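When the letters of the sequence shown are read in order and numbered with this note's numbering, they come out as residues -5 to 320.
We put the CB at the ideal spot given by N, CA and C, even for glycine.
Treat the numbers as computed from the prediction; the structure is a model and nothing was measured.
Please read the structure below before turning to the comments.
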Amino acid sequence: MTRIFPPLAASLVIGLFATGALTTTAGAEPVLRNNVVVTGPSIRLGDLFSDAGPRAAIEIAPAPALGGRTVLDAAWLAARAHEQKLDWQPKSRYEQATVERASQSVPAESIVAELKQELGNRLPGVQSELTLDNADLRLLVPAGPAPAILIDAMTFDARSGRLTAYVTASAGDVTTDRVRVTGRVRRMLEMPVLTRLVAPGETIAAQDIETITLPADRLNQSFVVGAADLVGKTPRRSIRPGEPIRPSDVQTPVVIRRGELVTVVFQSAALLLTAQAKALEDGTQGQAIRVSNTRSGKTLDATVNGPGTVFLATLSTTPAATAQKE
């Protein structure tokens, strides 16, 4: 808050009116406004006094700085009224008017958004997080239309993640001074995580997955980055909701267990052959596993087709089987 112009002595204020130096403006008697908000660069007579008549538009002082205010005391007000032949006098030497300059603030968040947009033009397809060193930065412009933000001379070092730029804001016919801003850019990665606790043996469904964004520099391991790589899988261990998932944390659900009796199937255009075998290892859908024929004891390589069933691709090592005509 500031006071402008040195106050006149109280005796001089009284003397101006005692000598009849002022003339009366036609119309209602002027009334001082004690709290005034101006939008332009000047204080006008009509801003301070109601019914100021044809002189209302006269500029009598510069407005405070944007976002600031000025206190005008009784002596100063009386002098301006006398100069403009306005029939007004203070009721006491303590009377005053407070003038504020209407403004709007351009917050740091808006500046960050513009910087990220400019950064995105240089690094298409890369998500990033920008943290300004001067996070409390505010640019003041006149109240009114939404301010425009201009970014220029931006430099970015991908190795260190440091960004520097100059920012200005404008609204109406006022443009702020260029302000240098600096900050740190962190690359962000989107990755799928679970929304509930999924235990081993449970199948992960699409509705069990959500996407989160994390800084890449916090991820010192390889994690699953696509939801499609989780759907239909089952955890090897209990995975907590919101926890990044490593590829080794999940697997395709086991369809056939080691030691389980299975049906071995060979099918061609003319034949359907089946035999019974014992699984020698766990198997997931579509996985190749070893099975042992229960009659001959021979070991075969077969592909898991579903619960309790494996397929042979060739008969070259097939043991005696039951043939069925189609």
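Does the beta-carbon of A264 have 16 or more other beta-carbons within 10 angstroms, so that it is buried, or is it exposed?
exposed
Grab the span of the beta strand (DSSP E) containing D295 for me, first residue to last.
293 to 300
In angstroms, rounded to a whole number, what distance separates the CA positions of K227 and T197?
6 Å
Helix, strand or coil: how does DSSP classify Q201 here?
Three-state DSSP puts Q201 in a helix.
From W82, A59, G62, G61, residue whose alpha carbon lies closest to that of W70:
W82
Would you list the residues sitting across from K79 in a DSSP beta bridge?
DSSP, once it has assigned bridges, lists no residue as partnering K79.
DSSP three-state assignment for V219, whether helix, strand or coil
Reduced to three states, the DSSP call for V219 is coil.
Taking Cβ to Cβ, would you say A159 is nearer than 9 Å to D151?
no
Are the beta-carbon atoms of A68 and A96 separated by less than 9 Å?
no
R132, buried or exposed, once every other Cβ within 10 Å from all chains shown has been counted against 16:
exposed
DSSP beta-bridge partners for T92?
N29, V65
Near R172, which residues of its chain fall below 6 Å by C-beta distance, leaving aside the five closest residues on each side in sequence?
Y160, T162
DSSP puts I37 in a beta bridge; with which residues?
A55
Would you check if the region 114 to 123 and the region 177 to 193 touch, i.e. whether three or more CB-CB distances between them fall below 8 Å?
yes
Which of the three DSSP states, helix, strand or coil, is assigned to L109?
helix
Report yes if the C-beta distance between L66 and T92 is below 9 Å; otherwise report no.
Taking a C-beta distance under 9 Å as the contact criterion, L66 and T92 qualify as a contact pair.
Quick check on the DSSP output: the beta strand (DSSP E) that includes Q121 runs from which residue to which?
121 to 126
Using alpha carbons as the reference points, say which of L188, T169, S36 lies closest to A200.
L188
If we call anything under 9 Å between Cβ atoms a contact, is A271 one with S232?
no
Looking at the strands, I want to know which residues DSSP matches up with D146.
Y160
Within 10 Å of its beta-carbon, does T18 have 16 or more other beta-carbons around it, so buried, or fewer, so exposed?
Confidence at T18 is low in this model, with a pLDDT of 43, below 50, so its placement is unreliable and no value can be given for it.
Name the DSSP bridge partner or partners of L208?
According to DSSP, L208 bridges with L183.
For the region 213 to 268, list the alpha helix (DSSP H) runs that are entirely contained and at least 4 residues long, ordered along the chain.
Listed in chain order, there is nothing to give.
Please identify the residue among G40, R153, R178, Q245 whose C-alpha is closest to the C-alpha of R49.
It is G40.
With a CB to CB cut of under 6 Å and the five nearest residues on each side skipped, what residues in its chain are close to G300?
none
Assigned secondary structure, R74 (DSSP; H/G/I helix, E/B strand, else coil):
helix
Contacts around T308, its chain only, beta-carbon distance under 7 Å, and the 5 residues preceding and following it disregarded
none
One or two residues paired with P136 in a DSSP bridge
S97
With 16 other CB atoms within 10 Å as the buried threshold, where does T64 fall?
buried
Which whole-angstrom value is the C-beta distance of V168 and N128, which I expect to be below 8 Å?
Taking the Cβ atoms as the reference, V168 lies roughly 22 Å from N128, outside the contact range of under 8 Å.
Tell me, please, which residues DSSP counts as bridged to L188.
I203
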